[in-house]
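Trainee:
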Amino acid sequence: MGRMDSNKLKDMLKVYFIMGSANCRKDPAEVLTDAISGGITMFQYREKGEGALQGNEKWQLARRLRSICHEHAIPFIVNDDIELALEVDADGVHIGQEDENAELVRKKIGNKILGVSVHDLKEAEDAIRSGADYFGVGPIFATTTKSDAKPARGGAFIRELRDAKYVNPIVGIGGIVPGNAATVMEAGADGVSVITALTHAHQIQKEARLLKEAVFHGSMK
Ligand code: TZP
Ligand code: MG
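Okay, structure coming up:
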């Protein structure tokens, strides 16, 4: 099989749920199952932050979440940890600018999905040359989930990428909730990725549904 088809990937990125155990207020497996029932289209395991699991515990949770995803035909992506992604046969990896070199990562993962976080046109060009399949762009809105996040820029950089004629899949991240998701799509994103909008929701399934509604049909407000 060759590299992931860009239109298929754009569909997968629509409601991209990201989390690790530190983001969850109950069992991550339950959180993921609820989010899947609400209609998420892709999942990223991102084990970071205070109290994040390490070593064997991290790998075990990764395997558990991966099998839940695969039972429901949801692509399973691993953040940063290429070795883990290969070990659990994830569908792809997501890396930032401070992680392993994208070209090297592409070599290691073969045709698996490669997402790269980009913040300017140079990073975007480098990412594509290195074999990125999609761009992660953020923070769009203010977020407290990532302590070293850059300032929020709204949809400005997504628009800049589209104006520069990038047709590659783009997913926005940072402070996205059902009430503002439509504006991210209007800026030119193919989908939205969220952490706390779902992990901290009182009704995760319902919140995922609202997010999906906003992504596909625009804001209800
Ligand atoms: N990268 C940019 S903002 C962010 C990451 C990983 C955190 C997004 O979390 P939330 O809770 O959806 O704002
Ligand atoms: Mg990273």
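Position 111, counted from 1, in the sequence shown is what full-length UniProt numbering calls 111; the numbers after and before it change by one each time, with no gaps.
Cβ atoms here follow ideal geometry from the backbone N, Cα and C, with glycine treated the same way.
Values in this document were obtained by computation on a predicted structure and should not be read as measured data.
Please classify G191: does DSSP put it in a helix, a strand, or coil?
Mentor: Position 191 of the sequence shown, counted from the first residue, corresponds to residue 191. Three-state DSSP puts G191 in a strand.
Trainee: Which whole-angstrom value is the C-beta distance of T41 and K14, which I expect to be below 8 Å?
Mentor: As a working note, residue 41 is residue 41 in the sequence shown. As a working note, residue 14 is residue 14 in the sequence shown. Going by Cβ atoms, the distance from T41 to K14 rounds to 5 Å, so yes, they are a contact pair.
Trainee: Would DSSP call L121 helix, strand or coil?
Mentor: Residue 121 sits at position 121 when you count from the first residue of the sequence shown. Looking at L121 - three-state DSSP - the assignment turns out to be helix.
Trainee: Starting from H94, trace the beta strand (DSSP E) both ways and give me its first and last residue.
Mentor: Within the sequence shown, numbered from 1, the residue matching residue 94 stands at position 94. From DSSP, the beta strand (DSSP E) with H94 extends over 92-95.
Trainee: Assign S6 to one of two classes, buried (16 or more other C-beta atoms within 10 Å of its C-beta) or exposed (fewer than that).
Mentor: Translated into the one-based positions of the sequence shown, residue 6 becomes position 6. Exposed, because fewer than 16 other Cβ atoms sit within 10 Å of the Cβ of S6.
Trainee: Out of V177, H119, S147, which has the shortest C-alpha to C-alpha gap to A156?
Mentor: The residue labelled residue 156 in the question sits at position 156 within the sequence shown. It is H119 whose Cα lies nearest to the Cα of A156.
Trainee: How would you write the range of the beta strand (DSSP E) that F43 sits in, first residue to last?
Mentor: Stepping through the sequence shown from its first residue, residue 43 is reached at position 43. Segment 42-45, the beta strand (DSSP E) holding F43.
Trainee: Beta carbon of S21: closer than 8 Å to some heavy atom of the ligand TZP?
Mentor: Start at 1 with the first residue of the sequence shown, and residue 21 comes out as number 21. The answer is no for S21.
Trainee: Can you give me the C-alpha to C-alpha distance between D11 and V192, rounded to a whole angstrom?
Mentor: Against the sequence shown, residue 11 aligns to sequence position 11. Against the sequence shown, residue 192 aligns to sequence position 192. C-alpha separation (whole angstroms): 11 Å.
Trainee: Please list the segments of the beta strand (DSSP E) lying wholly inside the segment 101-187, counting only runs of 3 or more residues, in order along the chain.
Mentor: As far as the segment 101-187 is concerned, its whole beta strand (DSSP E) runs of at least 3 residues are 113-117, 134-137, 170-173.
Trainee: Closer than 8 Å: is that where the CB of K212 sits relative to any heavy atom of the ligand TZP?
Mentor: As a first step, residue 212 is located in the sequence shown; it is residue number 212 there, counting from the start. Checking the Cβ of K212 against the ligand TZP gives no.
Trainee: Determine which residues share a DSSP beta bridge with N7 and list them.
Mentor: In the sequence shown, counting from the first residue as 1, residue 7 sits at position 7. According to DSSP, which records beta bridges pairwise, N7 is partnered with nothing at all.
Trainee: For the ligand MG, I want to know if G96 counts as a neighbour, meaning its beta carbon is within less than 8 Å of at least one of the ligand's heavy atoms.
Mentor: Taking the sequence shown and counting its residues from 1, one reaches residue 96 at position 96. Flag set: Cβ of G96 near the ligand MG.
Trainee: Give me the Cα-Cα distance between D126 and P139, rounded to the nearest whole angstrom.
Mentor: In the sequence shown, counting from the first residue as 1, residue 126 sits at position 126. In the sequence shown, counting from the first residue as 1, residue 139 sits at position 139. Using only the alpha carbons, I get a separation of about 20 Å.
Trainee: Could you say which of K122, I77, R162, G154 lies nearest to G20 if we only look at CA atoms?
Mentor: Numbered from its first residue, the sequence shown carries residue 20 at position 20. When only C-alpha atoms are compared, the closest one is I77.
Trainee: If you draw a straight line from the alpha carbon of R159 to that of A149, how long is it in whole angstroms?
Mentor: Mapped onto the sequence shown, residue 159 falls at position 159. Mapped onto the sequence shown, residue 149 falls at position 149. R159 and A149: Cα-Cα distance of roughly 20 Å.
Trainee: Pull up the distance between the alpha-carbon of I113 and that of A208, whole angstroms please.
Mentor: As a first step, residue 113 is located in the sequence shown; it is residue number 113 there, counting from the start. As a first step, residue 208 is located in the sequence shown; it is residue number 208 there, counting from the start. Their Cα atoms are separated by approximately 23 Å.
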